[in-house]
Each structure stands twice: as structure tokens, then as C-alpha cells.
Amino acid sequence: MRHLRSTRVRRPLTWALAALILGAGGLAASSAEAWVNDHQHYQRDRIRAGAHDGSLTRPEVYRLGRSQLCTERLERRMRAEDGRLGPWERARLDRRLDRSSARIWRQRHDGQSR
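Numbering (our numbering), first residue to last: 427 to 540.
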């Protein structure tokens, strides 16, 4: 009887531990995916700020905005297959967002103004 009691205690504990581990993996993936969206929002805010303070010309705002739309479209296509981003897809989006961020910085500091 003692053996049955210990098994009953271990089994729910094992399931709880498995759920915690799997849940933590899901949180890590969702936080990485949320980071991509946060990065896009931050870049969009930088473009708006540049348009507002005059450090970006209208053609620059248009080009940078189109680049953001293309990145968002790429992200949607990547998520369309299974609803999440794999490690290679996240890395590809991260590189693209880094290049876009550098492009925004260059355009805002190139000395042109409206």
C-alpha cells in the first residue's frame, strides 16, 4: 500500500513539472515573438518622431515606412505556416530589423531636413 501512495504523489508532481517546463518554453517563444513586435513598434515610433521633428524628409519617411511594411509582411508569411517563429526565422527577422534600425539612424542623421 505504501508503494501505491508514493506513486500517486509522484505522478501529479511529474505532470505539474512537465507542464511547467513546457509552459516556460512557450513563454520563451512568445516573449521572443513579442520582442519582434516591440522592435517594429519602436522603429515605427522613431520614423514618426523623425517626420515630426523634420529630421526625415517625406521621401525618406515613405521609403522607411515601406521597408517596415515589407518586414511585417515577411513576419506574417513566416507565421502563416505554424503560427510561430522558429529560431532561423527569428534570426532572419532580427537581422532585417537591425539593418532597418541602422537605416533609420542614418536617414535621421544625414543632415537633410524638410
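All C-beta atoms in this analysis are idealised placements derived from N, C-alpha and C, irrespective of residue type, glycine included.
Within 10 angstroms of its Cβ, does residue i collect 16 or more other Cβ (buried), or is it exposed?
i           : result
residue 476 : buried
residue 501 : buried
residue 541 : Residue 541 is absent from the model: the chain starts at 427 and stops at 540.
residue 532 : exposed
residue 521 : exposed
residue 523 : buried
residue 472 : buried
residue 507 : exposed
Within 7 Å: the Cβ of residue i and any heavy atom of the ligand NAD?
i           : result
residue 533 : Questions concerning the ligand NAD fall outside what the structure shown contains, since it holds no ligand whatsoever.
Taking the alpha carbon of residue i as the reference point, which residue from the options has its own alpha carbon closest?
i           : options            : result
residue 492 : 514, 526, 536      : 526
residue 470 : 490, 513, 535      : 490
residue 518 : 528, 479, 504, 529 : 504
residue 535 : 473, 481, 474, 462 : 481
residue 497 : 508, 466, 514      : 466
residue 464 : 509, 494, 507      : 494
So what does DSSP say about residue i, is it helix, strand or coil?
i           : result
residue 500 : helix
residue 486 : helix
residue 508 : coil
residue 466 : helix
residue 538 : coil
residue 493 : helix
Tell me the residue span of the alpha helix (DSSP H) that contains residue i.
i           : result
residue 526 : 513-534
Can you list, in chain order, the residues of its chain with a C-beta nearer than 6 Å to that of residue i? Leave out the 5 residues immediately preceding and following it.
i           : result
residue 488 : none
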